[in-house]
Amino acid sequence: MWPLDHVFGERLGSKLRPVISLLTDFGLGDPYVAQVKAVILSYCRDAAIIDLTHEVQAFNELQAAFILKVSAPHMPEGTIHLCVIDPGVGTRRRGIILETARGDVFIGPDTGFMAPAAEELGVKAAYVIDESKLPARRSETFHARDVFAHVAGRLALGAGPRELGE
4 MWPLDHVFGE RLGSKLRPVI SLLTDFGLGD PYVAQVKAVI LSYCRDAAII DLTHEVQAFN
64 ELQAAFILKV SAPHMPEGTI HLCVIDPGVG TRRRGIILET ARGDVFIGPD TGFMAPAAEE
124 LGVKAAYVID ESKLPARRSE TFHARDVFAH VAGRLALGAG PRELGE
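Taking the working numbering as reference, the numbering of the sequence shown is continuous, increasing by one, and the terminal residue is 169.
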């Protein structure tokens with residue numbers, strides 16, 4: 004073990020453990036953030052999960068876009084950003100994965116609020132999440148847990164965005 008691994012993160016082989024940032028409008032007065040984290044950790048117990056905030060005003064995509072754009076460049080390169088501000092929850096809107104030139108990945112609903120942060124890091128590719136590659140049991144209103152957290156967990160294990168999207 005390196006002397007400062009306890010500060011900078013344990014090494015997995017030659018790679019630092021995966022970092023996942025969370026940005027939601029869920030608040031912290033209920034179990035929803037914990038459920039999202041539990042799904043991620045069920046895939047990758049070594050993931051370092053950073054809470055950007057869960058106090059975005061409900062459905063306020065402009066506020067979320069600002070927070071994400073000013074925060075993402077300060078995260079470690081290759082961070083997986085799980086972002087859920089979803090005015091269209093329960094509808095047939097798409098889930099997307101945005102891959103950046105810096106190696107970061109953004110996961111969330113296709114509403115546009117992730118675009119400014121992804122563009123800041125150089126958008127390399129965009130994919131629509133292929134839900135046939137995820138567990139079949141899903142609620143209609145909690146895609147953060149039942150879709151996006153599974154994608155984040157699989158990416159943390161080393162899956163590529165193209166493997167989970169089309």
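We put the CB at the ideal spot given by N, CA and C, even for glycine. Every value quoted in this text rests on a predicted model; they were computed, and no experiment measured them.
- Rounded to whole angstroms, Thr82 and Ala147 show a C-alpha spacing of 17 Å.
- Between Ile43 and the set Leu160, Glu166, Leu167, the nearest pair of CA atoms involves Leu160.
- Distance from the Cα of Leu55 is smallest, within the candidate group Asp113, Pro21, Leu85, Ala128, for Leu85.
- Put simply, the region 67-77 does not touch the region 30-38. Fewer than three CB pairs are less than 8 Å apart.
- Judged by DSSP in its simplified three-state form, Ser142 adopts coil rather than helix or strand.
- Per DSSP, the continuous beta strand (DSSP E) segment holding Glu102 begins and ends at 98-103.
- In this structure, Arg105 lies near Gly125, with their beta-carbon atoms less than 8 Å apart.
- For Val22, the closest C-alpha among the options Arg141, Val108, Phe29 is that of Val108.
- One Cα belongs to Val92, the other to Thr144, and the distance between them is close to 6 Å.
- Straight-line spacing of the CA atoms in Arg165 and Tyr130 works out to 7 Å.
- Rounded to whole angstroms, Lys127 and Pro138 show a C-alpha spacing of 27 Å.
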